[in-house]
Each structure stands twice: as C-alpha cells, then as structure tokens.
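Asker: Please find one structure pasted underneath; my questions will follow.
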Amino acid sequence: MTPAGTGAEANGGGERSEEVRSRVAWACRILASEGYQDLTLGHVSARDPERPGRMWIKRRGVTLGEVTPAQVIEFELGGDLRDASDEMHLEAVLHTEVYSRREDVGAIVHGHPPYATAFAATDADLLHLSHDAVMFDRGLAIYEGPPDLITEPEQGSEVAEALGERSVVLLRNHGVLVAQRDLAWMVLAAVTLERAVRLQSIATTLGGAMPIEPMLVDELRRRKYSDGLVDEYWRAWVRDLRRRGLDDGMEP
C-alpha cells in the first residue's frame, strides 16, 4: 500500500474546508453502499488540509447513507471532547487519538462492516488469497481491549497504540478502524478490507486455502494500488451513487 501521507489528496491537494466537508459526506455514502451502514452508527473524519490541527467528522444521529456536507462538523484536535456539542459521536476519541499519534493520517473511519467485524471476533489471520488481500501486505493490527464503546481518551490512545504504523486495526468483538493518508485511500482500504475478508470466508468453505506466493505480493500491491487508480475508483463510486439516485442533498 502506498504509505500514508506521501502525496496529495486523490482529487488534488490544497482543498478548501468546504470541499473537505463534501468529500467526507461522499466517503460516508460510499461506505454505506459498501457494507458499513449500521443504523446511525459509524463515523468518518478527515483532517482539514488548510488547518491540520482541525478535523471534520460526520455528526451523530444520521446514517452514513444520508450524510450531507451540512452534517459534517468541525473540531479542534487539541480540544476537550467533553466540551464538544451534542452532535459529536461518543467514540470520537478514536479519531482524535489516532490523529494525535499519526501525523501521516488524513482520514479515518470506524464502523461495523459484517465480515470484518465477524473476522475481528475470531483468531484467524488475513491470508493473501486475492488481489484485495495484498493491499494489506503489512497485516492487520488487533486491539484486544474490552469490547466496549471507546469513549475515554485512554481507550482511544490504546487503540491508536495498537494500530501502530498500520492502516487497519480490528477491534476485538466490536468492529474496525481504518486510517489512511486521505479520504480516497481510506475508503479504498475500508472497502477492500471488507471484500478481502468476505472472499476469504467464501474460499475457506470451498477447500484448503492457497495463498498467493509471498514473492508476488509486493508487486501485485504496487501495480494495483496507486494514486491514479485510487482517483479513478473514487470517481467511479460517485458516479455509481448518482446513477442509483443515492446523491440526495449532495452537490450536483
């Protein structure tokens, strides 16, 4: 996977704050359509590229699939979440603590996609059985803390520590957190994670697993996961949502 923080946003760097709000809303809608919809749970955030000390995050009380730019709220990363408005998600510490620890991270999602959440409740390892799985050549991190809501800074810090330098941490018996350099890369990693686990689930019911040869993994990753392709994938997701009429409230 291209390292986080080593390039511009897939739609161009130097975005204005209102553009970030719009892209956070699009990210929420894409993820909802790709298995992350779970009532009003789940949240997406991004750093403000003009003010890296601030983030934009989906507000509580709305589903991922109905988020509009107006429902993406701002928060100063050095602030106290206890002083945040009632619109702030209870588990916002997952975002603030990862951003605090990882300057290279520009976008985060926490959610409960069914396959990856089920995977987080097992002792299985992600195998390189498909092109999707090779995106995670460094493996997946595991947070072994209690399967409770992550609402305290100390808990968020423990999750950030478990994540380390990786892009995915599975929260045992809870869900997942995906952190990447920007929104387009984060969405791709989150969607690809769910697909990779789903394909592994299918494959292992059909016979003995036959992973891709380790010597081929790095080359496959570099060829399939590049900035140009990520930009292409993002545009395709947006077109698909518009074609299906799932762009209500979004800019034309």
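Just so you know, we're using the working numbering here: the sequence shown kicks off at 42 and counts up by one.
The beta-carbon is built from N, C-alpha and C at its ideal position, and this holds for glycine as well.
Values in this document were obtained by computation on a predicted structure and should not be read as measured data.
If Y24 and S74 are in contact, beta carbons under 8 angstroms, what's the gap, nearest whole angstrom?
Answerer: Missing from the structure shown is residue 24; the chain here goes from 42 to 293 and no further.
Asker: Going by DSSP in three states, L170 sits in which element: helix, strand or coil?
Answerer: The residue you call residue 170 lines up with position 129 of the sequence shown. Reduced to three states, the DSSP call for L170 is coil.
Asker: Note down the Cα distance separating T109 from V219, rounded to an integer number of angstroms.
Answerer: Here residue 109 corresponds to residue number 68 of the sequence shown, with the count starting at 1. Here residue 219 corresponds to residue number 178 of the sequence shown, with the count starting at 1. Roughly 21 angstroms between the two C-alpha positions.
Asker: Assign D223 to one of two classes, buried (16 or more other C-beta atoms within 10 Å of its C-beta) or exposed (fewer than that).
Answerer: Looking up residue 223 in the sequence shown gives position 182. With 16 or more other Cβ atoms within 10 Å, it is buried.
Asker: Quick one: using the 10 Å Cβ neighbour count with 16 as the cut-off for buried, is A111 buried or exposed?
Answerer: Taking the first residue of the sequence shown as position 1, residue 111 is located at position 70. Label assigned to A111: exposed.
Asker: Mark P255 as exposed unless 16 or more other C-beta atoms lie within 10 angstroms of its C-beta, in which case mark it buried.
Answerer: Residue mapping note: residue 255 aligns to position 214 of the sequence shown, counting from 1. A residue is called buried when at least 16 other Cβ atoms come within 10 angstroms of its Cβ; P255 does not meet this threshold and is exposed.
Asker: Could you please give the first and the last residue of the uninterrupted alpha helix (DSSP H) stretch that includes G216?
Answerer: For this step, residue 216 is matched to residue 175 along the sequence shown. No alpha helix (DSSP H) holds G216; the beta strand (DSSP E) holding it covers 216 to 221.
Asker: Under the rule that 16 or more other beta-carbon atoms within 10 Å means buried, what is T158, buried or exposed?
Answerer: Along the sequence shown, one-based indexing puts residue 158 at 117. Buried.
Asker: Tell me which residue opens and which closes the alpha helix (DSSP H) that H13 is part of.
Answerer: With the chain covering 42 to 293 only, the question about residue 13 has no answer from this structure.
Asker: On the criterion of 16 or more Cβ atoms from any shown chain inside 10 Å, does A49 qualify as buried, or is it exposed?
Answerer: Along the sequence shown, read from residue 1 onward, the residue named residue 49 stands at position 8. Only weak support exists for where A49 lies, its pLDDT of 36 falling under 50; the value from the coordinates is given anyway. Exposed.
Asker: In the DSSP assignment, find the unbroken alpha helix (DSSP H) run with F160 in it and report its ends.
Answerer: Locating residue 160 in the sequence shown gives position 119, counting from the first residue. F160 -> alpha helix (DSSP H) spans 155 to 160.
Asker: Assuming V65 and V113 are in contact, meaning their beta carbons sit under 8 angstroms apart, how far apart are those beta carbons, in whole angstroms?
Answerer: What you label residue 65 is simply residue 24 of the sequence shown in a count that begins at 1. What you label residue 113 is simply residue 72 of the sequence shown in a count that begins at 1. Confirmed, Cβ separation roughly 5 angstroms.
Asker: Just to confirm the assignment, what range does the alpha helix (DSSP H) spanning A237 have?
Answerer: Numbered from 1 along the sequence shown, position 196 holds the residue referred to as residue 237. First-last of the alpha helix (DSSP H) with A237: 224 to 247.
Asker: Are the beta-carbon atoms belonging to D79 and G152 less than 8 angstroms from one another?
Answerer: Looking up residue 79 in the sequence shown gives position 38. Looking up residue 152 in the sequence shown gives position 111. Cβ distance < 8 angstroms, so D79 and G152 count as in contact.
Asker: Have a look at E340 and V271 and give me their C-alpha separation to the nearest angstrom.
Answerer: Nothing can be reported for residue 340: it is not among the residues displayed for the chain, which extend from 42 to 293.
Asker: Can you name the residues that DSSP bridges to G152?
Answerer: For the purposes of this step, residue 152 is taken as the residue at position 111 of the sequence shown. Bridge partners of G152: V217.
Asker: How should R283 be labelled, buried or exposed, when 16 other C-beta atoms within 10 angstroms of its C-beta is the threshold for buried?
Answerer: As a working mapping, residue 283 is identified with position 242 in the sequence shown. Its Cβ having fewer than 16 others within 10 Å, R283 is exposed.
Asker: Which complete beta strand (DSSP E) runs does the segment 77 to 138 hold, if anything under 3 residues is left out?
Answerer: 84 to 88, 95 to 99, 113 to 117
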